[in-house]
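See below for the structure under consideration.
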Amino acid sequence: MDKKKARRIFSILAGRYPDRWARERYAVSPFEVLITTILSAQTTDKSVDAVRDDLFSRFPDPQSLAMADITEVEDIIHATGFFHMKAKHIIEASRSLVERFSGTVPDTMEDLLTIPGVGRKTANIVLYHAFGKNMGVAVDTHVFRLAGRLGFSESKNAEGIEKDLMHLFPEEDWGVLTDILISHGRAVCTARKPACSICPVSHLCRYYIEVTGREKQE
Ligand code: SF4
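Note that the numbering used here has the sequence shown beginning at 1052, numbered continuously upward.
Here is the structure:
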């Protein structure tokens, strides 16, 4: 896909989801952004929102979460799914923050990737939402699916998709791009059944054009 077409898709979707994923939504501490992002894997915003108040009022900082009893954490975050693994990750991540970063969340990709439970996707989200840094494009399951359907990337792995998206879009849009693709993936272009008939970018979408064999009139 050429950059001009990618830009048109971006503009339409950015207009469609103006604030749902605005950075201000995460106007909380970098610690909360990090822990919330780890909890967000494979689940909905709603289930994370349902547990975060309890979790952060009981464990407001890395020091307290590092010392937490894992069964208590599992009980609190149960609704987010995969709670054994997530409880282990957020406790270990907190220990790492306390032991290696003086209880603060580092603001570089290099350091973030050394924290247990943090991969490139989580690191990109933390860098953007906690520090306003665009160091890459976070490729979660929605971004992965939409990049392929829309025709942004031919790659079949997250690393290749991230590289293609970073080439296609200007650096200042990388964080927002993830957010609007996630919003669109949840609201319209779902994994099970994309609602192409109500999609504002169907006329530009490779999947739609291939399936219908025609371009929709703007
Ligand atoms: S046209 Fe269909 S497949 Fe393409 S982005 Fe929209 S909902 Fe997804």
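Don't be surprised by glycine CBs; every beta carbon is placed ideally from N, CA and C.
Residue span of the alpha helix (DSSP H) that contains residue i, given as start and end
{"i": "M1136", "result": "1134 to 1151"}
{"i": "S1062", "result": "1054 to 1067"}
{"i": "F1107", "result": "1096 to 1109"}
{"i": "T1241", "result": "Unbroken run through T1241: none, as it is neither H nor E."}
{"i": "D1112", "result": "Note, D1112: premise wrong, no alpha helix (DSSP H); not H, not E."}
{"i": "P1081", "result": "1081 to 1090"}
{"i": "I1260", "result": "1257 to 1263"}
{"i": "I1121", "result": "1121 to 1128"}
Cβ shell of residue i (< 8 Å), same chain only, five flanking positions each side left out
{"i": "E1223", "result": "N1185"}
{"i": "G1132", "result": "Q1093, T1094, S1098"}
{"i": "E1161", "result": "none"}
{"i": "T1065", "result": "Per the sequence shown, residue 1065 should be read as Ala rather than Thr. V1227, I1231."}
Near the ligand ZN: residue i beta-carbon under 7 Å from a heavy atom
{"i": "G1154", "result": "Among the ligands in the structure shown, the ligand ZN does not appear; only the ligand SF4 can be found there."}
Neighbourhood of residue i by C-beta, 7 Å cutoff - its chain only, sequence neighbours within 5 removed
{"i": "E1075", "result": "The pLDDT assigned to E1075 is 49, lower than 50, so where the model puts this residue is not dependable; a value taken from the coordinates is nonetheless given after this. Cβ within range, chain order: n/a, list empty."}
{"i": "T1173", "result": "T1088, I1089"}
{"i": "F1107", "result": "E1083"}
{"i": "K1056", "result": "L1255"}
{"i": "S1091", "result": "V1099"}
Contact set for residue i: own chain, Cβ-Cβ below 6 Å, skip 5 residues either direction
{"i": "Y1068", "result": "I1231, S1234"}
{"i": "V1169", "result": "L1163"}
{"i": "A1198", "result": "S1204, I1212"}
{"i": "A1181", "result": "P1081, V1084"}
{"i": "R1146", "result": "A1117"}
{"i": "A1189", "result": "K1172, N1175, I1176, T1229"}
{"i": "A1246", "result": "V1239"}
{"i": "D1158", "result": "F1182"}
{"i": "L1178", "result": "K1184, M1186"}
{"i": "I1086", "result": "I1141"}
Residues whose Cβ lies closer than 7 Å to any heavy atom of the ligand SF4, in chain order: L1197, R1200, L1201, H1235, V1239, C1240, P1245, A1246, C1247, C1250, V1252, S1253, C1256, Y1258, Y1259
Three or more C-beta pairs below 8 Å linking the stretch 1122 to 1131 and the stretch 1093 to 1102: yes
Contact between the stretch 1104 to 1117 and the stretch 1131 to 1146 (3+ Cβ pairs under 8 Å): yes
Whole beta strand (DSSP E) elements within the stretch 1149 to 1227, 3-residue minimum: Unbroken beta strand (DSSP E) stretches of 3 residues or longer found wholly inside the stretch 1149 to 1227: none.
Cβ contact check for the stretch 1148 to 1161 and the stretch 1086 to 1099: 3 or more pairs under 8 Å: no
Three-pair Cβ contact test at 8 Å for the stretch 1240 to 1251 versus the stretch 1214 to 1223: Segments in contact, no.
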